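Participant:
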Amino acid sequence: MVVAEGLVKRFGSTEALRGVDLEVERGTVLGVLGPNGAGKTTAVRILTTLLRPDAGRAVIDGIDVVAEPRRARGLIGLTGQYAAVDERLTGLENLVHVGRLFHFGKAEARRRSNQLLDRFDLSDAASRPVLGYSGGMRRRLDIAMSLIAEPKVLFLDEPTTGLDPRSRVAVWDQIDELARTGTTTLLTTQYLDEADRLADEIAVIDLGVVIARGTAAELKRRVGGDQLHVVLADRDVLPTVAELLAHRAVGEIQLDRAGSSLTVPVADVDGIVPGVVRELDAAGIDVSDVGVRRSTLDDVFFALTGRPTQVDPVGEDG
Amino acid sequence: MSTEIRADGGPVWMLRDSWTEALRHLRAMPRSPELVMFAIIQPIMFVLLFVYVFGGSLMIPGYDDYTQFLVPGIFAQTVLFGSAFTGVGVAEDMSKGIIDRLRSLPISPASVLVGRTISDLVRNALTFAVMIVVAFLVGFRFDGSLFEAFLATVLLFVFSYAFSWVQAYMGLSVSSVEAANSAGFIWMFPLTFVSSAFVDPSNMPSWLQPVADANPFTILTNASRALYNGRDPGADPWIALAWAAGITAVFAYLSARKFARGAR
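So the sequences go chain by chain: P and X. In terms of our numbering, the first sequence is residues 1442 to 1759. In terms of our numbering, the second sequence is residues 1027 to 1290.
Shown next, in the form of structure tokens:
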């Protein structure tokens, strides 16, 4: 659905993109993961016709975005890094306005707007000026606005950056819902947990090139993934426990006899603890402590590049 | 759920999209009453200050009453200052990412700026209406026909519209709303004061006189002043129109190009 090949973009002497290849399959979500300055926003801006690449090509549903930007714009929805809403207007007015620019009639634009307001839990605030909206509400309105013409591809540039944890989850739920209904989506993020939660496939980007791609599980496997850490009261049962937990491991289980503990690499630690506790309890094993450690973007980065994510930011781009 | 490609080009749609964009700003206008107040109070202040502070001590050859000389100058300055809203508004849309969203839509890029300039024209007209009332209260009269007064007013607005495009270009070029605000206003002070708007340029220092005489703002002021006072404006209206057409052509082109290429 979306194919980018060898995208190069320079800003003065800075090379923001140095040959980026991306591909998004129809009906899937691609997460473009990378630290600040990696070139994520530049790539999105090229794909959404806002910026012309210095080299390379990008095609959306068979349409070249550089050669036919106008046609490409008819296929996409963009939610940029800043909530691009007119604060002076109400939520409903913002939506209807974009609908009108897509040349829907007044009634049709209103109908679609009300549907989206409903879907994004904004109906109660529909007739209030956006000025009084919270960050999360603005972001949801922003995403709703990019959906008014049912785009074939949705671009979300750091959709939860700057949001508080609760709003973040609300936005995630909305994106999940979109993915379920088969909206082809490309989203950029700095957070591994976000890419993990939302994306079918992840492309890790650093200093203007894609350095790894794969599912979240694949990437985590490469970096050792999340870890489950169990401390036992009796070190002699370590091998038994290792055997019990083997079905959860995605790699080699490390036994530490001195500490009477074991470390299990797992695909995902979310909600794993209660299950493990129950399992060991049922087997009559005395557990002192169970803990988890999530792998982070830093881990992925460190494993892939041998350096932490704190690179010098390249220009203003995210 | 398949969607055909929505929206497209054509001059008719360009105009309709422009109007849709203009409506966005017009709808918002009454919601920032402080901006409206400022736009109304400033010209009232100028009329009152100039007429009552300078009115007594300024003698203009050919005019018995300074008010008849001054008020058209203030009209001209006010509609020109009104164009600065365009730059500030464009910069605001830029900083909030709204311009990016609009650029990602399948509409004619020109319509965003045309819509903005049209809405500012409407705002300017409201300010102007208030100003006319105040001018009449302090004793200003149309000494020519109503038609001449109408022509003078049209001339002012054509000129102001041209400068809206200068401001739009500046709004697209600067990095912040604050910068657009100062960059938009600062050069309008010399432009309007080194002119025939408030005084007779022949009393200026000899090196400044030619500057004031060549200033298109002088030509605009002279043209509309003559028309409001029922005098023969000579070729001035045509020269002012030519300036306006030239400025509009150059800056509409530059703005549209800058808009299409993107600021970053």
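Glycine included, C-beta positions come from ideal geometry on N, C-alpha and C. Computed from a predicted model, the values in this text were never measured in an experiment.
Can the beta-carbon of Thr1274(X) be found less than 7 Å from the beta-carbon of Trp1191(X)?
Facilitator: If you number the second sequence from 1, residue 1274(X) lands on position 248. If you number the second sequence from 1, residue 1191(X) lands on position 165. Their beta carbons are under 7 Å apart, which means Thr1274(X) touches Trp1191(X) by this criterion.
Participant: Does any residue of chain P have a CB that is nearer than 7 Å to the CB of Thr1046(X)?
Facilitator: Position 20 of the second sequence, counted from the first residue, corresponds to residue 1046(X). Cβ-Cβ to chain P under 7 Å: yes for Thr1046(X).
Participant: Spatial neighbours of Leu1604(P) within its chain, please: C-beta separation below 7 Å, excluding the five flanking residues on both sides.
Facilitator: As a working note, residue 1604(P) is residue 163 in the first sequence. Hits under 7 Å: Gly1576, Gly1577, Arg1580 and Val1612.
Participant: Would Leu1542(P) count as contacting chain X if we go by Cβ distances under 7 Å?
Facilitator: Along the first sequence, one-based indexing puts residue 1542(P) at 101. Closer than 7 Å: yes.
Participant: Give me the DSSP bridge partner(s) of Asp1697(P).
Facilitator: Reading the first sequence from its first residue, position 256 is the one you call residue 1697(P). DSSP output for Asp1697(P) lists Ser1702(P) as bridge partner(s).
Participant: Name the DSSP beta bridge partners of Glu1456(P), please?
Facilitator: Here residue 1456(P) refers to the residue found at position 15 when the first sequence is read from its first residue. In DSSP, Glu1456(P) forms a bridge with Arg1451(P).
Participant: Assess, as a yes-or-no matter, whether the segment 1137-1149 of chain X is touched by the segment 1039-1046 of chain X under the definition of 3 or more beta carbon pairs within less than 8 Å.
Facilitator: Taking 8 Å as the limit for Cβ pairs, the verdict is that the segment 1137-1149 of chain X does touch the segment 1039-1046 of chain X.
Participant: Would you please state the rounded distance, in angstroms, between the beta carbons of Ser1729(P) and Leu1673(P)? I believe it to be under 8 Å.
Facilitator: For the purposes of this step, residue 1729(P) is identified with residue 288 of the first sequence, where counting begins at 1. For the purposes of this step, residue 1673(P) is identified with residue 232 of the first sequence, where counting begins at 1. At roughly 6 Å, the Cβ-Cβ gap stays under 8 Å, so Ser1729(P) and Leu1673(P) are in contact.
Participant: Residues of chain P with CB under 8 Å from Leu1074(X), in chain order?
Facilitator: Locating residue 1074(X) in the second sequence gives position 48, counting from the first residue. In chain order: nothing, as chain P lies at least about 31 Å away.
Participant: Just grab the DSSP bridge partners of Leu1595(P) for me.
Facilitator: Here the question's residue 1595(P) lines up with position 154 in the first sequence. DSSP lists Gly1518(P) and Thr1626(P) as partners of Leu1595(P).
Participant: Under a three-way DSSP split, which group does His1787(P) fall into?
Facilitator: This structure cannot speak to residue 1787(P), because chain P is shown only from 1442 to 1759.
Participant: Should Met1157(X) go down as buried or exposed, given a rule of 16 or more other Cβ atoms within 10 Å for buried?
Facilitator: Stepping through the second sequence from its first residue, residue 1157(X) is reached at position 131. The residue is buried, with at least 16 neighbouring Cβ atoms inside 10 Å.
Participant: Using 7 Å as the threshold, is the C-beta distance between Arg1514(P) and Leu1131(X) below it?
Facilitator: The residue you call residue 1514(P) lines up with position 73 of the first sequence. The residue you call residue 1131(X) lines up with position 105 of the second sequence. Yes, the pair counts as a contact, with Cβ atoms nearer than the cut-off.
Participant: Pick helix, strand or coil for Thr1247(X), following the three-state DSSP scheme.
Facilitator: In the second sequence, counting from the first residue as 1, residue 1247(X) sits at position 221. Reduced to three states, the DSSP call for Thr1247(X) is helix.
Participant: Is the shortest distance between the beta-carbon of Leu1563(P) and the beta-carbons of chain X less than 7 Å?
Facilitator: Taking the first residue of the first sequence as 1, we reach residue 1563(P) at position 122. No, its Cβ sits nowhere closer than 7 Å to a Cβ of chain X.
Participant: If you draw a straight line from the alpha carbon of Leu1147(X) to that of Trp1233(X), how long is it in whole angstroms?
Facilitator: If you number the second sequence from 1, residue 1147(X) lands on position 121. If you number the second sequence from 1, residue 1233(X) lands on position 207. Cα to Cα, the separation comes out at about 35 Å.
Participant: Mind listing the chain X neighbours of Leu1414(P)? Cutoff is C-beta to C-beta under 9 Å, in chain order.
Facilitator: Residue numbering for chain P in the displayed model covers 1442 to 1759; residue 1414(P) lies beyond these limits and cannot be assessed.
Participant: Grouping DSSP H, G and I as helix and E and B as strand, with all else coil, what is Ile1487(P)?
Facilitator: Against the first sequence, residue 1487(P) aligns to sequence position 46. Looking at Ile1487(P) - three-state DSSP - the assignment turns out to be helix.
Participant: On the DSSP letters alone, give me the boundaries of the beta strand (DSSP E) that Ala1653(P) sits inside.
Facilitator: Start at 1 with the first residue of the first sequence, and residue 1653(P) comes out as number 212. Segment Val1650 to Gly1655, the beta strand (DSSP E) holding Ala1653(P).
Participant: For Glu1528(P), tell me which candidate among Thr1093(X), Thr1112(X), Arg1057(X) and Met1196(X) has the shortest Cα-Cα distance.
Facilitator: As a position in the first sequence, residue 1528(P) is number 87, starting the count at 1. Closest by alpha carbon: Arg1057(X).
Participant: Is it true that the CB of Ala1240(X) sits closer than 7 Å to the CB of Gly1113(X)?
Facilitator: Against the second sequence, residue 1113(X) aligns to sequence position 87. Against the second sequence, residue 1240(X) aligns to sequence position 214. No.
Participant: In whole angstroms, what is the alpha-carbon distance linking Met1027(X) and Leu1128(X)?
Facilitator: Within the second sequence, residue 1027(X) is the residue found at index 1, counting from 1. Within the second sequence, residue 1128(X) is the residue found at index 102, counting from 1. The predicted model places Met1027(X) with a pLDDT of 40, which falls under 50 and marks its position as unreliable; any figure quoted below should be read in that light. Using only the alpha carbons, I get a separation of about 24 Å.
Participant: For Phe1243(X), which option in Phe1185(X), Ser1202(X) and Asn1255(X) has the closest C-alpha, if you only look at C-alpha atoms?
Facilitator: As a first step, residue 1243(X) must be located in the second sequence, where it is residue number 217. That would be Phe1185(X), whose Cα lies nearest to the Cα of Phe1243(X).
Participant: Taking all protein chains shown into account, do 16 or more other C-beta atoms lie within 10 angstroms of the C-beta of Asp1753(P), making it buried, or fewer, making it exposed?
Facilitator: Within the first sequence, residue 1753(P) is the residue found at index 312, counting from 1. At Asp1753(P) the pLDDT is 45, less than 50, meaning the model places this residue with poor confidence and gives no usable figure here.
Participant: Note down, one range per segment and in chain order, each beta strand (DSSP E) of at least 3 residues found wholly within the segment 1496-1553 of chain P.
Facilitator: Runs found: 1496-1501 and 1517-1520.
Participant: For Gly1647(P), report the span of its beta strand (DSSP E) as first-last.
Facilitator: Working through the first sequence from its first residue, we reach residue 1647(P) at position 206. The sequence shown places Asp at residue 1647(P), rather than the Gly named in the question. First-last of the beta strand (DSSP E) with Asp1647(P): Glu1642 to Asp1647.
Participant: Using a Cβ-Cβ cut-off of 6 Å (strictly less than) and excluding sequence neighbours within five positions of Pro1135(X), which residues of its own chain qualify?
Facilitator: Here residue 1135(X) corresponds to residue number 109 of the second sequence, with the count starting at 1. Around Pro1135(X): Phe1285 and Ala1286.
Participant: Is the CB-CB distance between Val1506(P) and Thr1483(P) below 7 Å?
Facilitator: Taking the first residue of the first sequence as position 1, residue 1506(P) is located at position 65. Taking the first residue of the first sequence as position 1, residue 1483(P) is located at position 42. No, these two residues do not count as a Cβ contact at 7 Å.
Participant: Relative to chain P, which residues along the segment 1118-1148 of chain X have a C-beta separation below 7 Å, given in chain order?
Facilitator: The segment 1118-1148 of chain X vs chain P, Cβ under 7 Å: Lys1122, Gly1123, Ile1124, Asp1126, Arg1127, Arg1129, Ser1130, Leu1131, Pro1132 and Ile1133.
Participant: How far does the beta strand (DSSP E) with Asp1043(X) in it extend, from its first residue to its last?
Facilitator: Here residue 1043(X) is taken as the residue at index 17 of the second sequence, counted from 1. Run containing Asp1043(X): none in the beta strand (DSSP E); it sits in the alpha helix (DSSP H), Pro1037 to Ala1054.
Participant: Of all Cβ atoms in chain X, is any one closer than 7 Å to the Cβ of Tyr1574(P)?
Facilitator: Locating residue 1574(P) in the first sequence gives position 133, where the first residue counts as 1. No - not a single Cβ of chain X is within 7 Å of the one on Tyr1574(P).
Participant: May I ask you to report which of helix, strand or coil DSSP gives Glu1464(P)?
Facilitator: What you label residue 1464(P) is simply residue 23 of the first sequence in a count that begins at 1. If DSSP states are grouped into helix, strand and coil, Glu1464(P) belongs with the strands.
Participant: Can the beta-carbon of Leu1582(P) be found less than 7 Å from the beta-carbon of Val1526(P)?
Facilitator: Walking along the first sequence from the start, residue 1582(P) turns up at place 141. Walking along the first sequence from the start, residue 1526(P) turns up at place 85. The answer is yes: Cβ separation under 7 Å.
Participant: Determine the direct distance from the alpha carbon of Val1220(X) to that of Val1159(X), and round the result to whole angstroms.
Facilitator: On the second sequence, position 133 is the one that residue 1159(X) refers to. On the second sequence, position 194 is the one that residue 1220(X) refers to. Cα to Cα, the separation comes out at about 27 Å.
Participant: From Ala1252(X), Pro1087(X) and Arg1050(X), pick the residue whose C-alpha is nearest to that of Gly1170(X); which is it?
Facilitator: What you label residue 1170(X) is simply residue 144 of the second sequence in a count that begins at 1. Of Ala1252(X), Pro1087(X) and Arg1050(X), the residue nearest in Cα terms is Ala1252(X).
Participant: Is the beta carbon of Leu1648(P) sitting closer than 7 Å to the one on Leu1628(P)?
Facilitator: Within the first sequence, residue 1648(P) is the residue found at index 207, counting from 1. Within the first sequence, residue 1628(P) is the residue found at index 187, counting from 1. Taking 7 Å as the Cβ cut-off, Leu1648(P) and Leu1628(P) do not qualify as a contacting pair.
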